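Undergrad: Taking numbering that gives the first Met the number 0 as reference, the numbering of the sequence shown is continuous, increasing by one, and the terminal residue is 215.
Backbone N, C-alpha and C fix where the C-beta goes; we use that ideal spot for every residue, glycine too.
These numbers were taken from a predicted model, which means no experiment stands behind them.
First the structure, then my questions, so here it is.
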Amino acid sequence: MPSPTMRVAKPRVSGLYIITQPDCASTATLLSQVKLALQGGARWVQYRDKTATFAHQLHTACLLKQLCKTYQAWLIINDHLPLALQSQADGLHLGQNDAQLKQARQVLGQHAIIGVSCYNDLPRAKQMQDQGADYVAFGRFFTSNTKPNAPQAELSTLQLAKQQLRIPVVAIGGVTANNTQQLIKHGADSVAVIHGVFAQPDITAAAQSIQQQFLP
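Given below as C-alpha cells:
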C-alpha cells in the first residue's frame with residue numbers, strides 16, 4: 000500500500016475519476032467500494048450525496064479524505080462548498096446551479112482543485128477556464144443510469160475542447176471500460192465513472208481496466 004506523500008504542486012486531473020454512489024447502503028459499504036477502486040488505480044474520488052444530513056456527509060467525507068490520503072488520491076466534494084471546506088477535501092465540483100466559481104475560490108483558496116460541469120457547452124467551458132477552473136467536465140456521452148435525462152454531449156465538443164482549452168477535460172455519462180478508449184481518442188484527459196466501476200462484480204478489476212487505458 001502506498002504511503003502518503005507531501006503534496007506540493009496542484010495536480011492535473013487525469014485517468015479514472017470515480018464518483019460515489021448516493022444510494023450506498025452504509026458508509027462502511029461506500030468506503031469499502033472506494034477502497035477497492037483505489038486499489039484498482041483510481042486517484043480521483045468525488046463524494047456525491049444530496050440527501051444525507053450535513054453531519055452524516057461531513058463524517059463520511061472526513062473518512063474518505065483519510066482513505067484517499069492513504070492511497071495518494073484526491074477527494075473532490077460535489078456541490079457543497081461548506082462540506083468541502085469543513086472536511087478539508089482537496090477540491091469541489093460545481094454544476095450549473097451550484098455556488099459560483101469565484102466564491103468557491105475565495106473560500107477554498109488557490110490550492111483547491113475546482114471543476115465545473117459544462118454539459119455540451121464549449122463557450123461555458125472557456126468562460127470557466129478564464130475564471131480559474133482547474134478542469135471542466137462534459138457529458139453525458141452515453142446512456143446514464145444516474146442521469147438518464149441529461150442532455151446528450153457530442154464527441155465533437157470533446158475534441159474541440161481538447162484543442163482549445165489549457166485545462167484538463169473530463170468525460171462523464173455512461174462511461175465503461177468498453178467505451179473509454181473512444182473518449183480518450185476524442186480528447187478526454189479523464190473519465191468520471193459511477194456504475195462502470197461500482198456496479199461491476201469486481202470493482203478493482205473494473206477500475207484497473209479503465210485506468211490502464213490511460214497509460215502510455
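#1: Let me check understanding here. Comparing Cα to Cα, which of R11, Q102, Q158 lies closest to L121?
#2: Give me the residue from D89, Q95, T203, N96 with the minimum Cα distance to V106.
#3: Could you pull out every residue in the same chain whose Cβ sits closer than 6 Å to the Cβ of A111, ignoring the five residues on either side in sequence?
#4: Thinking C-beta only, is W73 closer than 8 Å to R42?
#5: What did DSSP end up calling C245 once you bin it into helix, strand or coil?
#6: Per the contact definition of three or more C-beta pairs closer than 8 Å, is the stretch 140–148 in contact with the stretch 160–167?
#7: Which partner residues does F197 have in the DSSP bridge list?
#8: Locate the beta strand (DSSP E) running through V190, then write down its first and last residues.
#9: Quick one: Cα of L182 to Cα of L154, how far?
#10: Counting pairs of beta carbons, one from the stretch 198–208 and one from the stretch 33–42, are three or more of them closer than 8 Å?
#11: Taking Q158 as part of the alpha helix (DSSP H), name the residues at either end of that continuous run.
#12: Starting from A170, follow the beta strand (DSSP E) in both directions and report where the run begins and ends.
#13: Determine, using beta carbons only, whether D188 and V12 come nearer to each other than 8 Å.
#14: Would you decide whether L197 is buried or exposed? Buried here means 16 or more other CB atoms lie within 10 Å of its CB.
#15: Can you have a look at H92 and say buried or exposed, based on whether 16 or more other CB atoms are within 10 angstroms of its CB?
#16: Hey, V229 and G186: beta-carbon distance below 8 Å or not?
#17: Report all residues from its chain with a CB closer than 7 Å to the CB of Q212; omit the five preceding and five following residues, and keep chain order.
#18: Tell me the rounded alpha-carbon separation between V190 and A136.
#19: Specify the secondary structure class of Q45 as computed by DSSP and reduced to three states.
#20: What would DSSP say about V135, mapped onto helix, strand or coil?
#21: Roughly how many angstroms lie between the CA atoms of L30 and K49, to the nearest whole one?
#22: Buried or exposed, going by whether 16 or more other CB atoms sit within 10 Å of the CB of H79?
#23: With DSSP as the reference, label C117 as helix, strand or coil.
TA: Reading off the structure:
#1: Q158
#2: D89
#3: G90
#4: yes
#5: Any answer about residue 245 is impossible in this case: the structure gives the chain only from 0 up to 215.
#6: no
#7: According to DSSP, which records beta bridges pairwise, F197 is partnered with nothing at all.
#8: 189–192
#9: 7 Å
#10: yes
#11: 154–163
#12: 168–171
#13: yes
#14: The sequence shown places Phe at residue 197, not Leu. Classification for F197: buried.
#15: buried
#16: Since the first and last residues shown for the chain are 0 and 215, residue 229 lies out of range.
#17: T179, Q180, I183
#18: 9 Å
#19: strand
#20: strand
#21: 17 Å
#22: buried
#23: strand
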